[in-house]
């Protein structure tokens, strides 16, 4: 026991390898979704208000990412930073 917790080093190494693989898969899915978002956003760079909401809905239907997530740091703000 270390600090009241059991430590199993052989399982810890396996969990690290699995988490790295899992993170890679998640990152690849995010990249694919971001490229779809980026292509739609590039078609309407000046979209605001209702137009932007409609754009988020379209991308959300295709990718499965919620419109609320598309408004945030990982998609909209990243796209703006690249412009």
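Residue numbers (this note's numbering): 3 to 85. Beta carbons are placed, not taken as given, at the ideal position from N, Cα and C, and that holds for glycine.
Taking residue i as the reference, give the member of the options with the closest Cα.
{"i": "residue 82", "options": "40, 69 and 67", "result": "40"}
Counting C-beta neighbours from all protein chains within 10 Å, is the total for residue i 16 or more, i.e. buried, or is it exposed?
{"i": "residue 79", "result": "exposed"}
{"i": "residue 25", "result": "exposed"}
Whose C-beta lies closer than 8 Å to the C-beta of residue i among residues of the same chain, with five residues either side of it excluded?
{"i": "residue 76", "result": "32 and 36"}
{"i": "residue 42", "result": "57, 60 and 61"}
{"i": "residue 88", "result": "No answer is possible for residue 88: it lies beyond the span of the chain, which begins at 3 and ends at 85."}
{"i": "residue 68", "result": "62"}
{"i": "residue 85", "result": "47"}
{"i": "residue 55", "result": "69"}
{"i": "residue 71", "result": "77"}
Just to confirm my understanding: we take residue i, look at its own chain, exclude 5 residues before and 5 after, and list those with CB closer than 6 Å. What are they?
{"i": "residue 65", "result": "35 and 38"}
{"i": "residue 49", "result": "57"}
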